[in-house]
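Engineer: Once you've had a glance at the structure underneath, I'll fire off some questions.
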Amino acid sequence: MSEEAVLALTEEGGAGTQSALTYRALNDPDASVRREAVYSLAGIGDTSDKAVIGQTLADPDPRVRKATIEVPVGLGGDDSATLLATALNDADPRIRMSAVDALGEVGGPTAALVLRQAVNDSDPGIREAATEALKELGANQP
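Per the working numbering, residue 3 is the first one in the sequence shown, and the count goes up by one each step.
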């Protein structure tokens, strides 16, 4: 299934068809298709499945993981923060930085707790971003 097919099929069908096709595309061997599926789920407002978000945050391709972090997550703040915490363990610093940025937007006590962990990241830019996000949230730093 191509990226264009994902986009066309999800635009053509009703919400149920869109979700079914998009969920199928999340398992496509092509990372570009999986990434478009993540964006499609966000576009149809179907980003509240914790298992799917967990799956896409663990995708082998960093572009899929980054897309998962970038889309508006339809979960509550604590659930979003808990899932984003897994991205702070990613080997790719760009993914960790995206997670820090997203956690700053999610806000709340769970996001602050998770951001406190990021203050100890091996990357100085991530440490600085986490410290700044905590300040913006009005959370005490560690």
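The beta carbon of each residue, even a glycine, is placed where N, CA and C say it ideally should be.
List the endpoints of the continuous alpha helix (DSSP H) containing L105.
Structural biologist: Residue numbering aside, residue 105 sits at position 103 when the sequence shown is read from its first letter. Note, L105: alpha helix (DSSP H), P95 to V108.
Engineer: Give the DSSP-derived three-state secondary structure of G140 in the structure shown.
Structural biologist: Here residue 140 refers to the residue found at position 138 of the sequence shown. DSSP places G140 in coil when its eight states are reduced to three.
Engineer: Taking the C-alpha atoms as reference points, what is the distance between E1 and Q57?
Structural biologist: With the chain covering only 3 through 144, there is no way to say anything about residue 1.
Engineer: Comparing alpha-carbon positions, which option in D125, A135 and R37 lies nearest G110?
Structural biologist: Within the sequence shown, residue 110 is the residue found at index 108, counting from 1. Considering only alpha carbons, the answer is A135.
Engineer: Exposed or buried, what is E38 when buried is set at 16 or more other beta-carbons lying within 10 Å of its beta-carbon?
Structural biologist: Translated into the one-based positions of the sequence shown, residue 38 becomes position 36. Looking at its Cβ environment, which holds 16 or more other Cβ atoms inside 10 Å, E38 is buried.
Engineer: So what does DSSP say about P126, is it helix, strand or coil?
Structural biologist: Position 124 of the sequence shown, counting from 1, holds the residue named residue 126. Reduced to three states, the DSSP call for P126 is helix.
Engineer: Answer with buried or exposed for K137, where buried requires no fewer than 16 other C-beta atoms within 10 angstroms of its C-beta.
Structural biologist: Within the sequence shown, residue 137 is the residue found at index 135, counting from 1. The residue is exposed, with fewer than 16 neighbouring Cβ atoms inside 10 Å.
Engineer: On the criterion of 16 or more Cβ atoms from any shown chain inside 10 Å, does K68 qualify as buried, or is it exposed?
Structural biologist: Here residue 68 refers to the residue found at position 66 when the sequence shown is read from its first residue. Burial call: buried.
Engineer: Starting from A53, trace the alpha helix (DSSP H) both ways and give me its first and last residue.
Structural biologist: Within the sequence shown, the letter at position 51 stands for residue 53. Here the alpha helix (DSSP H) through A53 covers K52 to L59.
Engineer: Would DSSP call D32 helix, strand or coil?
Structural biologist: Against the sequence shown, residue 32 aligns to sequence position 30. Looking at D32 - three-state DSSP - the assignment turns out to be coil, as it is neither helix nor strand.
Engineer: Could you work out which residue in P62, L139 and T70 is closest to S82 when comparing CA atoms only?
Structural biologist: Reading the sequence shown from its first residue, position 80 is the one you call residue 82. Residue T70 is the option with its Cα nearest to S82.
Engineer: If we count the other Cβ atoms within 10 Å of its Cβ and call it buried at 16 or more, is G18 buried or exposed?
Structural biologist: Position 16 of the sequence shown holds residue 18. The pLDDT assigned to G18 is 49, lower than 50, so where the model puts this residue is not dependable; a value taken from the coordinates is nonetheless given after this. Flag for G18 reads exposed.
Engineer: Where does G127 land, buried or exposed, given buried means 16+ other C-beta within 10 angstroms?
Structural biologist: Counting from 1 along the sequence shown, the entry for residue 127 is found at position 125. With fewer than 16 Cβ atoms within 10 Å of its Cβ, G127 is classed as exposed.
Engineer: Specify the secondary structure class of L43 as computed by DSSP and reduced to three states.
Structural biologist: In the sequence shown, counting from the first residue as 1, residue 43 sits at position 41. L43 falls in the helix class under three-state DSSP.
Engineer: Grouping DSSP H, G and I as helix and E and B as strand, with all else coil, what is A17?
Structural biologist: Within the sequence shown, numbered from 1, the residue matching residue 17 stands at position 15. Because A17 sits at a pLDDT of 49, beneath the cut-off of 50, its placement in the model cannot be relied upon, and the following sentence gives the value as read from the coordinates. Helix at A17.
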